[in-house]
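Participant:
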Amino acid sequence: MKTIYFVRHSIRDISCKNDQLAPLTAEGKILAEQLGTYFVDKQIQKIYCSPYTRALQTIKPTADLLNTDVSIVDTLRERVVGCWVSDFSSFTASQWNNFDFKLENGESLNQVQKRIIPAYEKILRESQGNTIICGHGTSLSVLFHTLTEGEFGIEEFKKMTMPDVYLAEYDTKLRHFKRVGNGHAYSLKEKLT
7 MKTIYFVRHS IRDISCKNDQ LAPLTAEGKI LAEQLGTYFV DKQIQKIYCS
57 PYTRALQTIK PTADLLNTDV SIVDTLRERV VGCWVSDFSS FTASQWNNFD
107 FKLENGESLN QVQKRIIPAY EKILRESQGN TIICGHGTSL SVLFHTLTEG
157 EFGIEEFKKM TMPDVYLAEY DTKLRHFKRV GNGHAYSLKE KLT
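If you want our numbering, it's the 1-based position in the sequence shown plus 6.
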């Protein structure tokens with residue numbers, strides 16, 4: 007049995023409007039430091055991460071604690087919005103209601119799905135043991151939506167915290183998917199064997 011741990015980045019500094027470069031807040035950095043203790047006994051063999059600053063700042067303390075390198079995977083990046091959105095809740099609802107909805111120069115959830123699913127499948131094939139994938143709320147949620155055959159949706163997305171940890175357990179196929187924080191497990195059919 008191997009386990010893939012998904013980490014959503016810690017608290018983002020929203021005063022930085024550049025999505026790729028936005029760092030963590032001071033509180034976000036403290037939470038990122040504390041995150042590593044959860045993984046000490048998890049026999050992590052590999053860590054993959056989005057190239058975005060906040061994701062890297064979230065997982066670096068864990069990687070340092072575990073003495074494990076971080077492999078940056080560009081396709082784990084967050085969904086490109088296209089411009090700064092002041093009413094993120096309405097924008098998010100529009101995207102979840104229509105996976106093809108996007109703003110000019112932005113990505114739809116279908117486009118995010120088309121890049122993150124192959125990236126995840128490649129990581130899954132290459133991983134020999136327990137693995138961490140550190141990324142973003144929307145891109146991970148779209149992946150979770152696929153893994154749970156649609157059970158993970160906008161309401162579950164809204165409950166995600168910064169940081170947050172989910173896990174998927176595999177033997178020859180996906181057996182369990184759950185949020186570590188509250189233990190809510192989703193029943194799954196055979197997927198991504």
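Ideal Cβ placement from N, Cα and C applies to all residues, glycine included.
1. For Lys120, I'd like the list of residues in its chain whose CB is within less than 8 Å of its CB, leaving aside the five on either flank, ordered along the chain.
2. In three-state terms, what does DSSP make of Ile122?
3. Quick check on Asn188: does DSSP put it in helix, strand or coil?
4. Just to confirm before moving on: does the CB-CB distance between Gln63 and Ala32 stay below 8 Å?
5. Give the DSSP-derived three-state secondary structure of Ala2 in the structure shown.
6. Identify whether Phe116 lies in helix, strand or coil by the three-state DSSP scheme.
7. How long is the line joining the alpha carbons of Asp19 and Leu30, rounded to whole angstroms?
8. If distances are taken between C-alpha atoms only, which option among Asp170, Asn111 and Arg131 comes closest to Gly88?
9. Does the Cβ of Cys140 have 16 or more other Cβ atoms within 10 Å, making it buried, or fewer, making it exposed?
10. Starting from Ile36, trace the beta strand (DSSP E) in both directions and tell me its first and last residue.
11. Taking Met7 as the reference, give the member of Arg185, Asn116 and Arg181 with the closest Cα.
12. Which term fits Gly34, buried or exposed, when burial requires 16 or more other beta carbons within 10 angstroms of its beta carbon?
13. Express the C-alpha separation of Tyr172 and Ile114 in angstroms, rounding to a whole number.
14. Identify whether Ile78 lies in helix, strand or coil by the three-state DSSP scheme.
15. For Leu71, which three-state DSSP category applies?
16. What is the DSSP secondary structure of Gln26, counted as helix, strand or coil?
17. Would you say the region 146-158 touches the region 122-135, given that touching needs at least three Cβ pairs under 8 Å?
18. For Ser16, which residues from the same chain have a beta carbon less than 6 Å from its beta carbon, with the 5 sequence-adjacent residues on both sides left out?
19. What does the alpha-carbon distance come out to for the pair Thr210 and Val86?
20. Under 8 Å: do the region 73-85 and the region 132-146 share three or more Cβ pairs, one atom per stretch?
Facilitator: If we stick to the structure as given:
1. Same-chain partners within the cutoff: there are none.
2. In this structure, Ile122 counts as helix in the three-state DSSP scheme.
3. Low confidence applies to Asn188: its pLDDT is 45, below 50, so where it sits in the model is not reliable enough to give any reading.
4. Taking 8 Å as the Cβ cut-off, Gln63 and Ala32 do not qualify as a contacting pair.
5. Here the chain covers residues 7 to 199 and nothing more, so residue 2 does not appear.
6. Looking at the sequence provided, one finds Asn at residue 116 rather than Phe. Helix at Asn116.
7. Computed Cα separation, rounded: 5 Å.
8. The residue with the shortest Cα to Cα distance from Gly88 is Asn111.
9. With at least 16 other beta carbons inside 10 angstroms of its own, Cys140 counts as buried.
10. Unbroken run through Ile36 is the alpha helix (DSSP H), Ala32 to Phe45; no beta strand (DSSP E).
11. If we check each option's Cα against that of Met7, Arg181 comes out closest.
12. Here Gly34 is buried. Its C-beta has 16 or more other C-beta atoms within 10 Å.
13. The question names Ile, yet the displayed sequence has Ser at residue 114. About 23 Å.
14. For Ile78, the three-state secondary structure derived from DSSP is strand.
15. In this structure, DSSP gives Leu71 a helical state, which the three-state scheme calls helix.
16. In the three-state reduction of the DSSP assignment, Gln26 falls in the coil class, being assigned neither a helical nor a strand state.
17. With a cut-off of 8 Å, the region 122-135 and the region 146-158 count as touching, because enough Cβ pairs lie within range.
18. Within its own chain, the residues whose Cβ lies closer than 6 Å to the Cβ of Ser16, once the five positions on either side in sequence are excluded, are Leu30, Gly34, Leu37, Ala38, Thr64, Met168 and Pro169, listed in chain order.
19. With the chain represented from 7 up to 199, any question about residue 210 goes unanswered, as that position is not in the structure.
20. Proximity of the region 73-85 to the region 132-146 meets the contact definition, three or more beta-carbon pairs being nearer than 8 Å.
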